[in-house]
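To start, the structure under review is shown below, and the notes come after it.
Numbering (our numbering), first residue to last: 4 to 234.
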């Protein structure tokens, strides 16, 4: 049911986005950086609210679908190949993963765009908009790509299978519609989705998933700002 509502909301978003009115007002020449992105995010917020509404109808408890801060120092289940040993907590690894994710996006972004100091300075006035967009994007995507599926699938197919499905779902979504493109657009977001989903399930909350998503999003949206002023 959650997935059905999600796709219905996405369909409605696509219909609105495809209208001549929307394209002419928010996707045409002369549309500002803020106005163009914000119009898209208003639609995304609508999708996220639809998912939250159906989750509330089903669960009747926001904690059951992770709409709470969660336990920030929750123990993290060991993952040997990531260097996570028994006894470690999300209090430490949450920051490590968030910063590593941002760095993993930052390096190829700098190599691809090659911004000069002058371009970076020129883009700085757009930083408040960048932070707002990263905040909204991390929030909405964590609702419909993570909280919705994990709150309903985990009790049916288990933790590992649910994490794998959300990773594939997120990776394919970014490959088709997001950034980066190509196979890298599947693997990087897919791995990040698995990691974020793990944090959501183990902390039983939204705080660490949001932060791990937010920091790389800041880099992504600032890269869009750089391209905007560079054009």
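For glycine and all other residues, C-beta sits at the position ideal for the given N, C-alpha and C. Note that this is a predicted model, so its numbers are computed, not measured.
Item to complete: Quick one: grab the DSSP three-state call for residue 1.
Response: Examination of residue 1 is not possible in this model, given that the chain is present from 4 through 234 alone.
Worksheet item: If we ignore side chains and look at the alpha-carbon of each, how far apart do residue 1 and residue 202 end up?
Response: What is shown of the chain runs 4 to 234, which leaves residue 1 out entirely.
Discussion item. Let's test the definition: count the other Cβ atoms within 10 Å of the Cβ of residue 110 and tell me whether it reaches 16, buried, or not, exposed.
Written reply: exposed
Worksheet entry | Same chain, Cβ closer than 8 Å to residue 217, neighbours up to 5 away in sequence not counted | 101, 137, 138, 141
Worksheet entry | Span separating the alpha-carbon of residue 86 from that of residue 192 | 20 Å
Worksheet item: When you compare only the Cα positions, how much space is there between residue 116 and residue 76?
Response: 37 Å
Worksheet item: Taking just the CA atoms, how far does residue 147 sit from residue 35?
Response: 27 Å
Worksheet item: DSSP three-state call for residue 87: helix, strand or coil?
Response: strand
Discussion item. Tell me the rounded alpha-carbon separation between residue 53 and residue 17.
Written reply: 15 Å
Worksheet item: Going by other Cβ atoms of all chains shown within 10 Å of its Cβ, with 16 needed for buried, is residue 151 buried or exposed?
Response: buried
Worksheet item: Per DSSP, what kind of secondary structure is residue 3 in: helix, strand or coil?
Response: Coverage of the chain is limited to positions 4 through 234, which leaves residue 3 absent and any answer about it impossible.
Item to complete: Could you pull out every residue in the same chain whose Cβ sits closer than 7 Å to the Cβ of residue 210, ignoring the five residues on either side in sequence?
Response: 72, 73, 75
Practice prompt. For residue 202, name the three-state secondary structure that DSSP assigns.
Written response: helix
Discussion item. Please classify residue 84 as buried or exposed, where buried requires at least 16 other C-beta atoms within 10 Å of its C-beta.
Written reply: exposed
Item to complete: Taking all protein chains shown into account, decide if residue 127 is buried (16 or more other Cβ within 10 angstroms of its Cβ) or exposed.
Response: exposed
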